[in-house]
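Below is one structure, written out as structure tokens; comments come after it.
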Amino acid sequence: MKSAGVKREVPYCATGRGKTLVSSSIAGTNVPDVPKGTTATTTQKPYPWIIHPVFDFFFVTGGGVLVFMLINYLYMDKQWLVPTDMSQPSQMALITIMFMSQHIFADSHNTATYMRIWGSKEDRTRFKFYRTWLVYSIIPIFVLGLTKPEFTSALVYLYLITVFWHYSMQAFGISMIYCYKRGYFLSNVEREIFRWMMLAMSGYVIVRFLTIQDFSPRNFYGVAIPFWGPLPPLFLHATRWIAIILAVAFGFIVIRKFLREKKFLPIPAILLITTVACLGLSKGTANAMMWFYVPGFYHGSQYLAVCLAYYLKERGIPQGMNPWNMATEVLKWPALKYIGTVILTGCFFYVGIPHFFMQLGLDYGMVGGLVLGCVNYHHFITDAAIWRLRDKHCRDMLLA
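Each residue of the sequence shown is one higher than the one before, starting from -17 at the first, in my numbering.
So, in structure tokens, the structure goes:
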């Protein structure tokens, strides 16, 4: 339900300046500084969750990954193994759950971005470049990928190189949402140390990916993957120590704020940081198991949760709704319609298009990898534009 020209009231209005809070573009500077003297349209505190505490634990902070890894361990005869044998009912069930999470959460989180840039009339005007020219730029990329399989391999490889950076920056942004909602404010310096800690961890993971071939897959769902390396070990050692130093610095900040202000980093933020750190820093089978569940039950689901909450607060519910009623609104028609739309659209991109070209004689895995690369090329860039806290309306929706 849209309300063209009608100014919405929200129970909480955070002030401050900044660029980005949710997307991969959080790597930008000036992430918002919300002062303690925040003004509000009412005296009510902001809703401390994205959707609901149980939902947030399972689908936003990484609890779902933890639960399914435990189930995986029990079903695999108490061994840390990735299920691969589809002839075994227990392994087949786990594989099915993984693929379902991909279609329900991971695929749909990309199309949730399109729902934003095609949403209101104002958004369609503001984000015209991203829904027109940026989309047009994908066409030659897609055509080249269809005719040159080696180009598709390179495109998927670029995605694999940058995807952890995308995950970690989103985790940083949503951690900041929880901090602001709960009155845990970081100064400019403290926030920058937090941000650079996450960037340094991403840098280490990327350099390791380009230095040690065992961390780079040879094949990604049927797409042959090259290896652009190895880099000199010096780069790996340097990025590791930079990440460690910044992690210690951020730990010092958290302890100092606890001793001085009697405030501790919100538990959801701790879980977000811990989950993405385990994803990036784990090795061997543990790392493979994390990547088995994280795209669906962590990254995709958390992005979809933020987009759904934004959509409901902006135009999917009665004007002036109290965000504290968010959990009940998720079960009503506007939310169900939104969820159904993004899931079906995601299936069109990631299932429908590869099947169509498979009927023309092309390899399903190759086309699927090409779609993955093209969609995320648009997704990464567009995210940088649509989640800017410099936009007061966006800020109010995210922090209410």
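Where a beta carbon is used, it is the ideal one built from N, C-alpha and C, also for glycine.
As the structure is a prediction and not an experimental result, all values here were calculated from the model.
A Cβ-Cβ contact shorter than 7 Å links C289 with A94. Within the same chain, no residue comes within 6 Å of W115 by CB-CB distance, once the 5 residues on both sides are set aside.
Ranked by Cα distance from A366, the first of F40, M68, R98 is R98. Scanning its chain for C-beta atoms nearer than 6 Å, with the 5 sequence neighbours on each side dropped, one finds around T327 the residues T93, in chain order. The residues M379, in chain order, have a CB closer than 6 Å to that of E296 in the same chain once the five nearest residues on each side in sequence are set aside. Here DSSP, grouped into helix, strand and coil, assigns V42 to coil.
When the alpha-carbon of S90 is set against those of C329, R190, M158, the nearest one is in C329. Under the DSSP assignment, M82 falls in the alpha helix (DSSP H) whose first and last residues are 71 to 83. Rounded to whole angstroms, K374 and Y112 show a C-alpha spacing of 20 Å. A direct Cα-to-Cα measurement between A287 and V42 gives close to 7 Å. Beta-bridge partners assigned by DSSP to A206: N201. Residue environment for G282: buried (at least 16 other C-beta atoms within 10 angstroms of its C-beta).
Taking the Cα positions, I227 is about 17 Å away from V189. Taking the Cβ atoms as the reference, I159 lies roughly 7 Å from L381, within the contact range of under 8 Å. Listed in chain order, the non-local C-beta contacts of M68 below 8 Å within the same chain comprise M74, I77, local neighbours out to five positions each way being set aside. A residue is called buried when at least 16 other Cβ atoms come within 10 angstroms of its Cβ; W62 does not meet this threshold and is exposed. Rounded to whole angstroms, the gap between the alpha carbons of G266 and L48 is 17 Å.
The closest CA to that of F202, considering only W223, I143, Q284, is found on I143.
For E296, there is no enclosing alpha helix (DSSP H), since its DSSP letter is neither H nor E. Rounded to whole angstroms, the separation of the alpha carbons of A309 and I335 is 34 Å. In the DSSP assignment, W147 falls within the unbroken alpha helix (DSSP H) covering 131 to 163. By the beta-carbon neighbour count (other beta carbons within 10 angstroms, threshold 16), Y29 is buried. Across the set F209, G204, P248, the C-alpha of G204 shows the shortest separation from the C-alpha of M348. Of M151, P131, V357, the smallest CA-CA separation from S184 is found for M151. The alpha carbon of V236 has as its nearest neighbour, out of K314, F176, K163, Y186, the alpha carbon of F176.
Here DSSP, grouped into helix, strand and coil, assigns K245 to coil.
Contact between A251 and S157 holds: CB atoms are separated by about 4 Å, below the 8 Å threshold. Comparing alpha-carbon positions, the option among L261, V145, A182 lying closest to V357 turns out to be V145. According to the DSSP assignment, G185 belongs to the alpha helix (DSSP H) that extends over 170 to 193.
Under the DSSP assignment, W115 falls in the alpha helix (DSSP H) whose first and last residues are 115 to 118.
Taking the Cα positions, Y292 is about 11 Å away from Y320. Going by C-alpha positions, A229 is about 29 Å away from I368. About 13 Å separates the beta carbon of F274 from that of M82, a gap too long to meet the 8 Å contact definition.
M179 places its beta carbon less than 7 Å from that of F232.
Judged by their CB atoms, C376 and P248 are not nearer to each other than the 7 Å cut-off.
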